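Asker:
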Amino acid sequence: MSVVVAVLVTAGVTPVVALAGLTATNTISAFDSLPGYLGIEQLSQKSNIYATATDGTPVLLASFYDQNRVEVESDAISQFVKDAAVSGEDPRFFEHNGIDVQGTLRAVLSTAFSDSLQGGSSITQQYVKNVLVQKCEVIADQEQSDTCYLTATEITGARKLREMRYAIALEKKYEKADILRQYLNITGFGGTVYGIEAAANHYFDATAATVTLPQAASLVAIVNNPRKFQLDIPDSATNGAANNYAANKVRRDYILGEMLSGEKISPTQYEAAVATVIRPVITAPSTGCATAGANAYFCDYVVHALQTDTTFGESEEARLLNFRRGGYDVYTTLDLDVQGAAVTTMNENVPKISDAGDVGAVISSVEVGTGRVLAMTQNKDYSQDPAVLASGGNYTAINYNTDRSAGGSSGFQPGSTYKVFTLAEWLQEGHSLNERVDSQRTSSWGAFQDSCRGAQRYPGWNPRNDSSSQNRSNYSALESTINSYNTGFIGMAKELDLCGIRKTAEAFDVHRADGGPLFQGASSVIGTNEVAPLTMAVAFAGIANDGVTCTPVVIDRIVAADDSELPVPQSECSVSVEPDVAGAMAYAMQRVMSEGTARSSYYQTSPRVPMIGKTGTTDGAADTWMSGSSTEVATVAGVVSVTGSLDQRSMYFDSGYAATARHRMWPDVMSVANAKYGGDDFTEASASSLRTLRASVPNLQSASVAEARTALESAGFTFDNGGETAANQPEGTLRSDPPAGTRAQLGSTVTIYASTGLQPTFPDVVGLTEEEAQEALVDYDVQVQDLTTADPDLVGTVVSMSPAAGDSLPAGDAISIVVGRE
């Protein structure tokens, strides 16, 4: 004991190493060789993810933590709590220099006559131990974390000596009040509850500033032995609701007695406090995106951004460390009005589970020009818990809206919505919307240009249009866009470069959801690449933004625990196509809305602003899409086959036909978006993009009907067979309407007629009276038209006739005569 006293007097430390047989001199030497500085890093705290209401009020979506902790300043902690901590854990806290000599002597004596090392740690020492443990908690590598934790908590004299050395150093650097505050912020209160603020909220639905005296003593009691004294296990036999939390009460009342002895409370306060029944009000904090409810998939996307974007750390380990330390208030881009409309219409129109198969549905909305994600929802309930996921098909952890690397799926075929990228390439290459291509269905398309891989052929590939009536041989690019003709777009691709079409899609930030390169075969033109719905929303926003595409972002602001603003990922905007090309695309896609395949969505949207759109239906109607945008907000709504291949054209939901659910959901979302954000006119299409191309009608007089068809279609006209007609020509001779040599619009219809042979000619009746003309033309259907004239010589006289005299017409055919009238 003389050695112990010598060490305490000389060095002010607990002679723990004396138990190992060291002399006082050796003890002091070993002590002095230890590091004297303890770096105090940021404590692990709870992070919060918020949306912002229209009035600017933050709305909590979810919280995340490894340790449920909220750091508070000293003035936010009740004096009852501070006094209870000092009275119960270290009565001489304000008197010693980091080491409680009396407590240490008592512990040494106890240890000397037992098999284990006893306590006696001051508040400062306990704080040191918690800091060392905290450093271990945030190590990403589990093995390293476990090793660190064992070193920080092992029951050895060396550990105690290290803690004392740090404690003395801390006492020299920090005020007592600050050490006490830090201690109350860092210490554990059972389970994942850390720090007095979180403990007050968790156990009594209060704050560290508002807890009562008995509540403060009960909370500090937990610190002594969290497993024994915590108040959130009501079924505990030793410390549960049935025995009024007896174990905690014993420790609580001891602390209250110490507070009374130290004159921190009055006898009256003491009597009232010990008579108070412990009644915890457990308020379990939300944790994880599952608590975000209908906003969970958006929340999940935000978490992936925090954990993967280099803004939050150069390495994966650094990002994980920052996320686990937490203390962030993350304010997201989610628009609760647009999101609310998306969630409501999703719940109304698509079931979570269908007897027909594994049906999924998605809605994503993006702000044009900023890339801010305004809405994101799907028809499933979110969970990451394997047991919950196994409980029903309504649960999934996969976000159907996003790429696989962001917690999403491998993507879905967008169908004909993908055709807009062929349209963009068509216009970029100088073609007109009114230009026509060979759109005849065939299984022999020949070679397609591909500057990346060389010419490509697809023998036997025979895509068709949605309806058998859509079978004209040369649709214009505009017609193909308005009515989504597959063969029209294949014909356009035939005149383009498949590699160029792929590169144009990539310029709109389009990529496969599985991370692989876009497929650029001919079939990709009609939407066979699997992409994420959010990707298509971003692309349509790019079209609406005069051809400038902005990558998606979900975080507006991040406020750290110290109220500083942290950098956030920024949207990267780039030119996808020039404004004149985007304007021509918008012209065609507005026609899709007003008169084409998206009419249903367009006319159900209110208020209506200028909007562009494109529909998509994959093979067998497995997936159906409605994608569109105003100049302010772009939205994609779709119903998909998650696994297998559903036929939505033979499916019905409670809300109606499955294949048209997209046209019920998209207008609901865009109606809210239009009312809130408005929308302007799109850039006008250039004259060159709308130019009409003309060519001369070929002379077909001596051709057969089949030869005439080939010649007309090759020249860019639409063929129509008018059948046989009388003509003053040999039998079988052809004439055309318009006649040969006429400059007609490419794609317009040219009708051919085959002569039945020579027919009797009819007389010229011009100059005859109406009665004389009727008599001369008695074998024909005479149709009289009146012409008002001031010339008395023309009154009652035939002024002109059609057809002209000398033509051959079968008896009964119509002949028109014009008769002068007063």
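Residues 937 to 1758 (the working numbering) make up the sequence shown, in order.
Positions of the beta carbon are idealized from the N, C-alpha and C atoms, including for glycine.
Quantities reported herein were computed from a predicted structural model and do not represent experimental measurements.
(1) Alpha carbon to alpha carbon, what distance is there between S1542 and R1308?
(2) In whole angstroms, what separates the C-alpha of N1337 from that of F1348?
(3) For F1618, count neighbouring C-beta atoms within 10 Å of its own C-beta (all shown protein chains included) and say buried if the count is 16 or more, exposed if not.
(4) Grouping DSSP H, G and I as helix and E and B as strand, with all else coil, what is Q1392?
(5) Mind checking if Y1110 is an interface residue toward chain C, Cβ cutoff 8 angstroms exclusive?
(6) Taking three-plus beta-carbon pairs below 8 angstroms as touching, is the segment 1019-1033 in contact with the segment 1104-1112?
(7) Below 6 angstroms CB to CB, which residues in the same chain sit around A1778 once its five sequence neighbours on both sides are set aside?
(8) Note down, in chain order, each residue of its chain lying with its Cβ closer than 6 angstroms to the Cβ of G1324, except the 5 sequence neighbours on either side.
(9) If you reduce the DSSP assignment to three classes, tell me which class P1399 lands in.
(10) Restricting to runs no shorter than 3 residues, where is the beta strand (DSSP E) found entirely within the segment 1561-1607?
(11) Looking at the structure shown, is Q1681 part of a helix, part of a strand, or coil, going by DSSP?
(12) Relative to the C-alpha of F1444, which candidate in S1379, E1708, T1487, G1382 has its C-alpha closest?
(13) Should G1549 and V1528 be called a contact, given that it needs their Cβ atoms to be closer than 8 angstroms?
(14) Can you have a look at V943 and say buried or exposed, based on whether 16 or more other CB atoms are within 10 angstroms of its CB?
(15) Less than 8 angstroms separating the beta-carbons of Y986 and V1266?
(16) Would G1296 and Q1314 qualify as a contact pair, given that the criterion is a beta-carbon distance under 8 angstroms?
(17) How is F1165 classed by DSSP in three states: helix, strand or coil?
(18) Flag this pair as touching only if the segment 1632-1642 and the segment 1665-1675 have three or more C-beta atom pairs under 8 angstroms; answer yes or no.
(19) State yes or no: is the C-beta of V1714 within less than 8 angstroms of the C-beta of S1672?
(20) Leaving out the 5 sequence neighbours to the left and right, which residues in its chain are closer than 7 angstroms to T961 when beta-carbon positions are compared?
(21) Rounded to whole angstroms, how far is the Cβ of S1375 from the Cβ of R1408, which I believe are closer than 8 angstroms?
(22) Kindly indicate which three-state DSSP category R1261 falls into: helix, strand or coil?
(23) How far does the alpha helix (DSSP H) with Y986 in it reach, from first residue to last?
(24) Alpha carbon to alpha carbon, how far is A1226 from S1251?
(25) Let's see if you can read the secondary structure: which residues bound the alpha helix (DSSP H) around P1203?
(26) Roughly how many whole angstroms lie between the Cα atoms of F1140 and K1185?
(27) T1571 and M1606 - do their beta-carbons sit closer together than 8 angstroms?
(28) Could you check the C-alpha separation between K1612 and V1489 for me, to the nearest Å?
(29) Three-state secondary structure (DSSP) at A1750?
(30) Drop a sphere of 10 angstroms on the beta-carbon of P1728, count the other beta-carbons inside from all chains shown, and report buried for 16 or more, exposed for fewer.
(31) Could you tell me the alpha carbon to alpha carbon distance between R1377 and Y1394, rounded to whole angstroms?
(32) Pull up the CB-CB distance for G1424 and G1351, whole angstroms please, since I reckon it's below 8 angstroms.
(33) Would you kindly check if the distance between the Cβ of S1537 and the Cβ of H1599 is under 8 angstroms?
(34) Which of the three DSSP states, helix, strand or coil, is assigned to P1634?
(35) Would you mind sorting E1303 into buried or exposed? The rule is 16 or more other CB atoms within 10 Å of its CB.
(36) For S1752, which of G1742, A1741, M1737, E1758 has the nearest alpha-carbon?
Answerer: A quick look at the data gives this:
(1) 23 angstroms
(2) 10 angstroms
(3) buried
(4) strand
(5) The displayed structure is made up of one protein chain only, and chain C is not part of it.
(6) yes
(7) Here the chain has residues from 937 to 1758 only, and residue 1778 is not among them.
(8) Looking at the sequence shown, residue 1324 is not Gly but Val. Excluding the 5 residues flanking it on each side, V1324 has same chain C-beta neighbours closer than 6 angstroms at Y1331, in chain order.
(9) Three-state DSSP puts P1399 in coil, outside helix and strand.
(10) 1569-1577
(11) strand
(12) The candidate whose alpha carbon is nearest that of F1444 is T1487.
(13) yes
(14) Note on V943: pLDDT 43, under 50, position unreliable in the model; the coordinate value appears next. With 16 or more other Cβ atoms within 10 Å, it is buried.
(15) Cβ distance < 8 angstroms, so Y986 and V1266 count as in contact.
(16) yes
(17) helix
(18) yes
(19) no
(20) Because the pLDDT of T961 is 47, which lies under 50, any placement of that residue in the model is unreliable, and the question is left without a value.
(21) 7 angstroms
(22) Three-state DSSP puts R1261 in a helix.
(23) Per DSSP, Y986 belongs to no alpha helix (DSSP H); it is in the beta strand (DSSP E), 983-988.
(24) 27 angstroms
(25) Its alpha helix (DSSP H) spans residues 1203-1210.
(26) Within the model, the alpha-carbon separation for F1140 versus K1185 is close to 15 angstroms.
(27) yes
(28) 20 angstroms
(29) The three-state reading of DSSP puts A1750 in strand, counting E and B together.
(30) With fewer than 16 other Cβ atoms within 10 Å, it is exposed.
(31) 14 angstroms
(32) No, G1424 and G1351 are not in contact; Cβ-Cβ is about 15 angstroms, not under 8 angstroms.
(33) yes
(34) Looking at P1634 - three-state DSSP - the assignment turns out to be coil, as it is neither helix nor strand.
(35) The residue in question, E1303, is buried, as its Cβ has 16 or more Cβ neighbours within 10 Å.
(36) Nearest to S1752 by alpha-carbon distance, out of G1742, A1741, M1737, E1758, is M1737.
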